[in-house]
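Notes follow the structure.
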Amino acid sequence: MSQKRDYYEVLGLDRKASDPDIKKAFRSKAREFHPDKNPDDPEAEARFKEVQEAYAILSNPDERRKYDMFGHDRPGGSPWGSGGFQGVNISIDDLFGGGFDSIFSSLFGGGSRQRPSRGADLLIRHVISFQDAFTGLDDEIEIDVLNRCDSCEGSGSQTPDGIRVCPTCDGRGRLTRIERIGPFQQQVTQDCRACGGDGRIIQNPCKNCNGEGRAEQPKKVKFSVPAGIESGTRLRLSGHGESPRDQNGKPGNLYIEIEVEEHDWFERDGSDLLMALPVSYVDLVLGTNIEIPHIDDSNLTVSISPGSKPGETVTIPNRGLPYPRGGRGRGAVMVLLKLSMPNKLSRSTKKQLNELKEDLASGASITDDIINEARDRRRS
Ligand SMILES: [Zn+2]
Ligand SMILES: [Zn+2]
């Protein structure tokens, strides 16, 4: 179990930091670790979440006071519940403006601001061939997405005049009351039960969407897969997720997680390709060039120099996969030489091998041979 870091330390602040200091520190750290800037980096992802959590607490006066007093072990347990902090969705653009304020202020139900409504994010897995991962491709998928209902144009009502402002909350969707906990007064805000937090009451719900204003609809999504992509990479399509509940909100994002199919013989190490090549004893001793069909449509020539040993590697630069994210050039192909043993020997081959046996002997005693081998091995 790792020790949870101090929130001030996470943001690089001291305990006297002002609200603007906290905001400034958060902006800069969140930009540094944002997943868009660090794709495929679980460490950065963890840091991003950590920074978010620290900001969520320190930017909320009530939560900050509790944290200053009790640290992480506050009475009543974690403010996040047993699941811990789940992270919030902030786009990198929001970090330049102030778009993240309302997201954080809604976390504890504080403040009187309307909760920002954003549609849910979606995650789709998509399999592509190894060859497509090499060349990159433009692809298209069809998915069912919760979208604005066409029948009621998102209002949720069968008729335009069938919508009333909720009398319980005056259309705010939330109710606020003051609660006393020991010496503290706390403002508690909850969704209005009468309207379910919508602020409106629909008297005659749309039949197509049951008054939700959203309905599942098939949608075609086009996207580009960059050359050199690795399995597990998530492509982000902003605004292609679910529509928001509230008509003024923003749609969520669609993430497409790419899975690259296995190649018949290559293993991947980033942009490098690894393979094993079975070669005969004769080819190792005499050396040869072996041609193999390759993913870039021109043959790969593996040059085995005379006197090569099994287990040695031949590296062919610039014939692996393209470096992703606009890097120049390609990785290498690394070919591991494996000694291939003949399955069956004809009588005449056996005879020829026996004749060779004497030629190939070193002439030294067996212990000298062993000592020489040990010396070479220990030197390398
Ligand atoms: Zn209401
Ligand atoms: Zn509808």
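First residue of the sequence shown: 719, per the working numbering; consecutive thereafter.
No residue lacks a Cβ here, since even glycine has one placed at the ideal position from N, Cα and C.
Taken atom to atom, the span from the alpha-carbon of residue 1069 to that of residue 1030 is near 30 Å.
Proximity to ligand 1 was defined by a C-beta distance below 5 Å to any of its heavy atoms, and the residues meeting it, in sequence along the chain, are 884, 886, 887, 910, 912 and 913. Only residues of its own chain outside the window of five on either side were considered, and among them 866, 931, 932, 961 and 965 have a CB closer than 8 Å to the CB of residue 872, listed in chain order. Counting C-beta pairs closer than 8 Å gives fewer than three between the region 1071-1089 and the region 1018-1030, which falls short of the contact rule. Annotated three-state conformation of residue 1011 is coil, per DSSP. Secondary structure of residue 904 (DSSP, three-state): strand. A distance below 6 Å between beta-carbons, with the five flanking residues on each side excluded, links residue 1005 to the following residues of its chain, in chain order: 1022, 1023 and 1024. With respect to residue 984, residue 992 sits close: the two C-beta atoms are nearer than 9 Å.
Proximity of the beta carbon of residue 948 to ligand 2 is not indicated: no heavy atom of the ligand is located closer than 8 Å.
In this structure, the C-beta of residue 880 stays at least 8 Å away from each heavy atom of ligand 2.
For residue 724, there is no enclosing beta strand (DSSP E), as DSSP gives it neither H nor E. The beta-carbon separation of residue 934 and residue 864, rounded to 6 Å, stays under the 8 Å limit for a contact. For residue 857, the enclosing beta strand (DSSP E) begins and ends at 855-866. Secondary structure of residue 1039 (DSSP, three-state): coil. Residue pairing by DSSP leaves residue 758 without any beta bridge partner. Under the three-state reduction of DSSP, residue 839 is assigned to coil, being neither helix nor strand.
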